[in-house]
Structure formats: C-alpha cells, structure tokens
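S.K.: Following this message is one structure expressed as structure tokens.
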Amino acid sequence: METKISEIADGIYRLSTYVPDIAPPAGFTFNQFLVLGDEPLMFHTGLRKMFALNRDALARIIPPERLRWITFGHFEADECGAMNEWLAAAPQATPAHGATGCMVSLNDFADRPSRVLNDGETIDLGGGKRVRFIDTPHTPHGWDAGVLYEEQTGTLLCGDLFTQLGDDRALTEGDVVGPAIVAEDVFKYSSLAPGMGPAIRNLARLAPRTLALMHGPSFVGDGAAALRALADDYDRRVSGEARAFLAQAA
Ligand SMILES: [Fe+2]
Ligand SMILES: [Fe+2]
0 METKISEIAD GIYRLSTYVP DIAPPAGFTF NQFLVLGDEP LMFHTGLRKM
50 FALNRDALAR IIPPERLRWI TFGHFEADEC GAMNEWLAAA PQATPAHGAT
100 GCMVSLNDFA DRPSRVLNDG ETIDLGGGKR VRFIDTPHTP HGWDAGVLYE
150 EQTGTLLCGD LFTQLGDDRA LTEGDVVGPA IVAEDVFKYS SLAPGMGPAI
200 RNLARLAPRT LALMHGPSFV GDGAAALRAL ADDYDRRVSG EARAFLAQAA
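So for the sequence shown, numbering that gives the first Met the number 0 puts the first residue at 0; every next one is plus one.
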C-alpha cells in the first residue's frame with residue numbers, strides 16, 4: 000500500500016491510502032488531512048496499523064513532531080486508532096474533540112489530556128487558519144460525532160459524511176451525492192434518525208467551497224447544494240423506515 004499526498008485547498012493536505020481488499024472490486028480509501036499553520040492540525044489519525052504509512056507521508060510535508068493538534072470526527076479505529084502513536088511521535092500535540100467524546104472515550108483512551116471543544120468553538124492555528132468544531136451527534140454515526148470547518152479556505156472536514164467506494168481522483172468537481180447514496184446502500188453505516196437531515200442541512204449554512212471526504216475524493220464546488228441533497232436523501236431513508244415500522248405495527 001502507498002499513501003498519496005495532495006493539496007486539496009491552500010495549506011490543507013490529503014494523505015490517502017487505497018485498500019483494494021475492502022468492498023472489492025471498487026476498493027476503499029482512508030484519508031487523513033493535515034491543516035498547516037503555526038500550530039499544524041491533523042484530522043483523523045488513521046488506523047493504528049497504518050500509522051507508519053501515514054507518519055512517513057506526513058513527514059514529506061512537515062516533521063511529525065511539529066504537529067500541535069490531533070483531531071477526528073468520532074471515536075472509531077480509522078478515525079483515531081493511531082492517536083497514541085501520534086502523541087508519542089509529536090510531543091507538543093494535544094488531542095482535541097467534543098465534550099461527549101472526551102467524556103466517554105478520550106479521557107480514558109488518550110495518553111495525554113485532551114482539549115474539550117464545545118459546539119462552535121474554534122482553534123486558531125495561526126497563519127490565518129482557524130478550525131471550528133461542530134457537534135453532529137449520531138450523524139452519520141457515533142454519539143460523539145462532529146466535523147471541523149476551516150474558515151479561511153471554506154473547507155469542511157466531513158469525516159464519514161459522503162463516504163464512497165473506489166479510488167477516484169484526489170479532487171473532483173463531479174457528483175459526490177450519487178456515490179454516497181450507493182455507499183450508504185452497501186454499508187448501511189449511518190444511524191438513521193430524524194435529526195440527521197437537519198444536522199446536515201445545518202452544515203450547508205456554512206456554504207463550504209471544499210468538502211474533504213474521509214473516504215472518497217475531495218469535492219470542490221457548491222458544498223451547500225451537495226449537503227442539502229445528501230440531507231434530502233437521509234430524510235427519504237428515515238421517513239421510509241418510519242413508514243415501514245408503522246405499517247408493521249398497524
Ligand atoms: Fe466512522
Ligand atoms: Fe471513517
């Protein structure tokens with residue numbers, strides 16, 4: 000396996016590893032994002048077993064010991080499995096996550112104390128970069144789920160939202176909603192709940208110019224329209240499930 004590096008927005012790098020054995024024949028990508036600044040931030044640590052790949056890739060951009068912030072969308076192996084390896088490699092780094100995630104997981108799991116991010120709180124990375132944490136409980140899954148929005152570049156670090164199969168280009172202006180609908184049909188990875196559509200529609204209000212997908216290419220274009228279309232699809236799924244449940248109960 001190899002980890003490819005692409006700059007998907009000014010000072011934001013995608014470290015992408017393609018695994019052909021997951022969901023063959025399309026395969027599946029795992030992407031980490033490095034946001035440069037005086038205090039460089041990583042979004043997703045990657046799987047513990049991919050640590051060496053990701054560390055060596057990141058080292059082609061900055062010395063790993065310069066990392067200041069370790070962040071991710073929700074507590075799961077691909078999102079944060081290598082956290083303690085990164086904390087060992089980067090003595091200045093601090094994990095940062097929402098209050099729920101710190102309470103239920105990081106206070107025990109992380110080898111160093113975490114910074115608790117409240118909904119809407121920002122971290123100023125210096126060099127004009129600021130990331131805002133937005134709480135999205137159970138969207139697409141995980142009680143502690145949240146996303147980060149980098150304000151200077153208008154980049155939404157989406158985590159598992161818009162997950163798709165395959166190894167498309169690093170950057171696309173094409174459709175990211177259709178492939179996400181396909182992947183949801185295959186994996187059924189989301190916690191279908193009435194709040195999911197509104198939570199995604201709330202992200203559309205940011206009008207992001209780039210959507211950085213954890214599993215898929217980064218999208219450049221009308222992020223608000225893509226988010227609204229994704230929210231509509233989840234509304235459709237949730238109401239379909241509710242109708243099926245009511246029909247069964249009647
Ligand atoms: Fe996940
Ligand atoms: Fe993921």
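Glycine included, C-beta positions come from ideal geometry on N, C-alpha and C. Fair warning: this is a prediction, and the values are worked out from it, not measured in the lab.
Could you compute how far the alpha carbon of Thr-16 sits from the alpha carbon of Leu-191?
M.R.: Taking the straight line from one Cα to the other gives about 28 Å.
S.K.: Does the beta carbon of Glu-183 fall short of 7 Å from some heavy atom of ligand 1?
M.R.: No.
S.K.: Using a threshold of 7 Å, is the CB atom of Gly-36 nearer than that to any non-hydrogen atom of ligand 2?
M.R.: Checking every heavy atom of ligand 2 against the Cβ of Gly-36, none is found closer than 7 Å.
S.K.: State the DSSP-derived secondary structure class of Met-41, mapped to helix, strand or coil.
M.R.: In the structure shown, Met-41 sits in a strand (DSSP, three-state: E or B).
S.K.: I think Ile-154 touches Pro-193, with their Cβ atoms under 8 Å apart; what is that distance to the nearest whole Å?
M.R.: Looking at the sequence shown, residue 154 is not Ile but Thr. Not really, about 28 Å apart at Cβ, beyond 8 Å.
S.K.: Quick one: what does DSSP say Thr-138 is sitting in, helix, strand or coil?
M.R.: Correct three-state label for Thr-138: coil.
S.K.: Output the distance between the C-alpha atoms of Gln-247 and Gly-177, rounded to the nearest integer angstrom.
M.R.: Looking at the two C-alpha atoms, the distance is approximately 30 Å.
S.K.: Taking 8 Å as the cut-off, decide whether the C-beta atoms of His-73 and Ala-144 are in contact.
M.R.: Yes, Cβ-Cβ distance for His-73 and Ala-144 is below 8 Å.
S.K.: How would the residue list near ligand 2 read, in chain order, if you kept each one whose beta-carbon is closer than 6 Å to any heavy atom?
M.R.: That gives Asp-77, Glu-78, Asp-159, Met-213 and His-214.
S.K.: With Asn-201 as the anchor, note down where its alpha helix (DSSP H) starts and where it stops.
M.R.: Looking at the DSSP string, the run of the alpha helix (DSSP H) that includes Asn-201 is 195-203.
S.K.: Counting Cβ pairs closer than 8 Å, one from the region 228-235 and one from the region 195-203, do we hit at least three?
M.R.: Judged by Cβ distances under 8 Å, the region 228-235 makes contact with the region 195-203, as three or more pairs qualify.
S.K.: In whole angstroms, give me the CA-to-CA distance for Met-82 and Arg-47.
M.R.: Going from the Cα of Met-82 to the Cα of Arg-47 covers about 8 Å.
S.K.: First and last residue of the alpha helix (DSSP H) that includes Ile-61?
M.R.: Ile-61 -> no alpha helix (DSSP H), and no H or E assigned at all.
S.K.: Near Leu-57, what residues of its chain come up, given a Cβ to Cβ distance below 7 Å and the 5 sequence neighbours on each side ignored?
M.R.: For Leu-57, where only same-chain residues beyond five positions count, the Cβ hits under 7 Å are Leu-14, Leu-33 and Pro-63.
S.K.: Quick check on DSSP: helix, strand or coil for Glu-84?
M.R.: Glu-84: helix per DSSP, three-state reduction.
S.K.: Can you say whether Lys-128 is buried or exposed, counting buried as having 16 or more other CB atoms within 10 angstroms of its CB?
M.R.: Result: buried.
S.K.: Measure the alpha-carbon distance for Met-102 versus Gln-31 and round it to whole angstroms.
M.R.: Spanning the two alpha carbons is a distance of roughly 24 Å.
S.K.: According to DSSP, simplified to helix, strand and coil, what is Glu-240?
M.R.: Looking at Glu-240 - three-state DSSP - the assignment turns out to be helix.
S.K.: Hey, how far is the Cα of Arg-168 from the Cα of Pro-216?
M.R.: Each residue's alpha carbon lies about 6 Å from the other.
S.K.: Residues in the same chain with beta-carbon distance under 7 Å from Ala-182, minus the five sequence neighbours each way, listed in chain order, please.
M.R.: Only Thr-162, Gln-163 and Leu-164 meet the Cβ criterion.
S.K.: Helix, strand or coil, according to DSSP, for Val-103 in the structure here?
M.R.: Looking at Val-103 - three-state DSSP - the assignment turns out to be helix.
S.K.: By the 10 Å Cβ neighbour count, where 16 or more other Cβ atoms means buried, how is Ile-11 classified, buried or exposed?
M.R.: That one is buried.
S.K.: Does the Cβ-Cβ distance between Val-115 and Ala-92 come in under 8 Å?
M.R.: No, Cβ-Cβ distance for Val-115 and Ala-92 is not below 8 Å.
S.K.: Around the Cβ of Ser-238, are there at least 16 other Cβ atoms within 10 angstroms (buried) or fewer (exposed)?
M.R.: By the 10 Å Cβ count, Ser-238 comes out exposed.
S.K.: What do you reckon, is the C-beta of Asn-140 under 7 Å from a heavy atom of ligand 1?
M.R.: Checking the sequence shown, residue 140 turns out to be His, not Asn. Answer for His-140: yes, Cβ within range of ligand 1.
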